[in-house]
């Protein structure tokens, strides 16, 4: 046996013991335990669990998401677990959440175990493969409905007052946030970002009636889909409170279009298809001017983050080609901002 | 004067090595990083070919927008410094609200669009 196998076997034993304790099972067997591809920030493991209780044995297809070793972001893992659990309970298509472990002595870092939803996650396949011809027609309206349902969750009912929050006026908060990050990290003057900040402060939309939980990275790359359409929304890592329009603006960014720029929403449909479906499902009339504000915000946010990525290389000497080259993607956000405000 | 291969020719062979030899022989993250590195080589190739012309255009357009005398053409290093200081001045004037009128805003957006399209012609021509 090589080291990797020894490590995997140890991991299986620990996961078995953890599940047995959490579910008060007499016996737990794990089958098909394997690491799944992807998951740059975290490891994803897939397995089937045979769980024997006092009266019966149940079988579940599960996924375990493990933070990087030594990670200090345990609190956000709890947050993600709780947001996904609430979303599942409120009928949003989200995997069912089972157990959260924040004790690093078990697997070296925080992890949670959730239902495994079978399907595809690669956006490019959704856009191009014959098998998804029908899915291409329905995914965006389905995602709009799921998002409306998610935004309708009352944060107070689930104890989410403590999620990161921009306060009562999210638009103004995020302008200040972007400005602060921009001024702290920029190494060269960026007139387009100055212009974006100026334009945004002239076009601040009215605050929402109440804050919703915001997914924070809502796009086709963060769903599991099949030929029939959306099966589950995933990746709630940066969920926070805010204006629901924030998710809709982010959804329309060019970065998710896989080159199909004539279709604003992830290369699949026009904005109006998304807006219509969201309005029908939520009963909220979307102010088109406000939508423009949130798209500019999304691009500015991604723009200042490209600078942060570049600085992890420039300042810290992190020798990662991808991080370094992200510094040259700032212009992609700049052109989008100019197209939106010009 | 250096001997052949030129800088661009050398970058080409490195890009091809990364793309056609290293990437296919690698998996996962290493394969991805090799492809990103090949793309970086292409960015540098385009920058070598286009930087000077782009800086000339940028400096000219910014000087006109800010109603400054057009800086006399100089070395590449002087052009870079002119672009830096004109961009800095434009930032300050936008921030101070001096370019808020409808016509000044439209002119500013037009100039910035030309400059950013040039940046993309080097960084990511697929975005044009």
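Residue numbers (my numbering), protein chains in the order written: chain F, 94 to 435; chain G, 13 to 140.
For glycine and all other residues, C-beta sits at the position ideal for the given N, C-alpha and C.
Alpha carbons only, please: which of the options is nearest the one belonging to residue i?
i              : options                           : result
residue 148(F) : 137(F), 158(F), 189(F) and 117(F) : 117(F)
residue 75(G)  : 95(G), 126(G) and 64(G)           : 95(G)
residue 258(F) : 196(F), 337(F) and 204(F)         : 337(F)
residue 61(G)  : 110(G), 32(G), 103(G) and 23(G)   : 23(G)
residue 344(F) : 312(F), 354(F) and 365(F)         : 312(F)
residue 384(F) : 400(F), 353(F) and 364(F)         : 364(F)
residue 86(G)  : 54(G), 33(G), 65(G) and 131(G)    : 65(G)
residue 107(G) : 295(F), 371(F), 372(F) and 401(F) : 295(F)
residue 31(G)  : 79(G), 50(G) and 14(G)            : 50(G)
residue 284(F) : 136(G), 132(G) and 111(G)         : 111(G)
residue 140(F) : 101(F), 177(F) and 221(F)         : 101(F)
residue 214(F) : 110(F), 322(F), 280(F) and 154(F) : 322(F)
residue 133(G) : 63(G), 84(G), 116(G) and 93(G)    : 63(G)
residue 197(F) : 169(F), 159(F) and 227(F)         : 159(F)
residue 48(G)  : 21(G), 88(G), 35(G) and 130(G)    : 35(G)
residue 429(F) : 391(F), 399(F), 203(F) and 340(F) : 391(F)
residue 194(F) : 187(F), 212(F) and 173(F)         : 173(F)
residue 171(F) : 329(F), 282(F) and 304(F)         : 329(F)
residue 306(F) : 327(F), 298(F) and 334(F)         : 334(F)
Look at the alpha carbon of residue i and the alpha carbon of residue j, and state the distance between them as a whole number of angstroms.
i              : j              : result
residue 99(G)  : residue 292(F) : 18 Å
residue 223(F) : residue 349(F) : 20 Å
residue 302(F) : residue 262(F) : 10 Å
residue 18(G)  : residue 71(G)  : 28 Å
residue 114(G) : residue 120(G) : 10 Å
residue 184(F) : residue 237(F) : 14 Å
residue 152(F) : residue 145(F) : 9 Å
residue 454(F) : residue 251(F) : Missing from the structure shown is residue 454(F); chain F here goes from 94 to 435 and no further.
residue 378(F) : residue 239(F) : 17 Å
residue 113(F) : residue 247(F) : 33 Å
residue 358(F) : residue 103(G) : 32 Å
residue 277(F) : residue 126(F) : 45 Å
residue 81(G)  : residue 266(F) : 40 Å
residue 99(F)  : residue 143(F) : 22 Å
residue 167(F) : residue 396(F) : Model confidence at residue 167(F) stands at a pLDDT of 49, short of 50, so the residue's coordinates are unreliable and nothing is read from them.
residue 176(F) : residue 264(F) : 23 Å
residue 229(F) : residue 219(F) : 6 Å
residue 106(F) : residue 271(F) : 46 Å
residue 123(F) : residue 138(F) : 12 Å
residue 104(F) : residue 425(F) : 42 Å
residue 108(F) : residue 130(F) : 20 Å
residue 136(G) : residue 42(G)  : 22 Å
Using a Cβ-Cβ cut-off of 7 Å, state whether residue i counts as contacting chain F.
i              : result
residue 14(G)  : no
residue 6(G)   : Because chain G in this structure spans residues 13 to 140, residue 6(G) falls outside the shown range and cannot be described.
residue 100(G) : yes
residue 107(G) : yes
residue 128(G) : yes
residue 135(G) : yes
residue 121(G) : yes
residue 124(G) : yes
Assuming residue i and residue j are in contact, meaning their beta carbons sit under 8 Å apart, how far apart are those beta carbons, in whole angstroms?
i              : j              : result
residue 367(F) : residue 232(F) : The Cβ separation is near 11 Å, so there is no contact.
residue 210(F) : residue 325(F) : 4 Å
residue 314(F) : residue 388(F) : 18 Å between Cβ atoms; not a contact.
residue 123(G) : residue 77(G)  : 5 Å
residue 256(F) : residue 332(F) : 7 Å
residue 156(F) : residue 190(F) : At roughly 10 Å, the Cβ-Cβ gap does not stay under 8 Å, so residue 156(F) and residue 190(F) are not in contact.
residue 180(F) : residue 243(F) : 6 Å
residue 125(G) : residue 435(F) : 7 Å
residue 241(F) : residue 374(F) : 4 Å
residue 74(F)  : residue 52(G)  : This structure gives no information on residue 74(F), because the portion of chain F shown stretches from 94 to 435.
residue 403(F) : residue 412(F) : So it is not a contact: roughly 13 Å between Cβ atoms.
residue 399(F) : residue 422(F) : 5 Å
Any beta carbon from chain G within less than 7 Å of residue i's own beta carbon?
i              : result
residue 167(F) : Confidence at residue 167(F) is low in this model, with a pLDDT of 49, below 50, so the placement of that residue should be treated as unreliable; the coordinate-derived value is given next. It does not: the Cβ of residue 167(F) has no partner Cβ on chain G nearer than 7 Å.
residue 245(F) : no
residue 418(F) : yes
residue 401(F) : no
residue 285(F) : yes
residue 424(F) : yes
residue 268(F) : no
residue 435(F) : yes
residue 427(F) : yes
residue 438(F) : Absent from the structure is residue 438(F), since the part of chain F shown begins at 94 and ends at 435.
residue 431(F) : yes
residue 282(F) : yes
residue 415(F) : yes
*asked:* Please list, in chain order, the residues of the stretch 43-75 of chain G that have any C-beta partner in chain F closer than 9 Å.
replied: 44, 45, 46, 48, 49, 51, 52, 55 and 74
*For the stretch 288-304 of chain F, enumerate the residues whose C-beta is nearer than 9 Å to any C-beta of chain G, in chain order.*
288, 290, 291, 292 and 295
*asked:* Please list, in chain order, the residues of the stretch 177-209 of chain F that have any C-beta partner in chain G closer than 9 Å.
replied: none
*Of the residues that make up the stretch 348-360 of chain F, which ones have a beta carbon closer than 8 Å to any beta carbon in chain G?*
352
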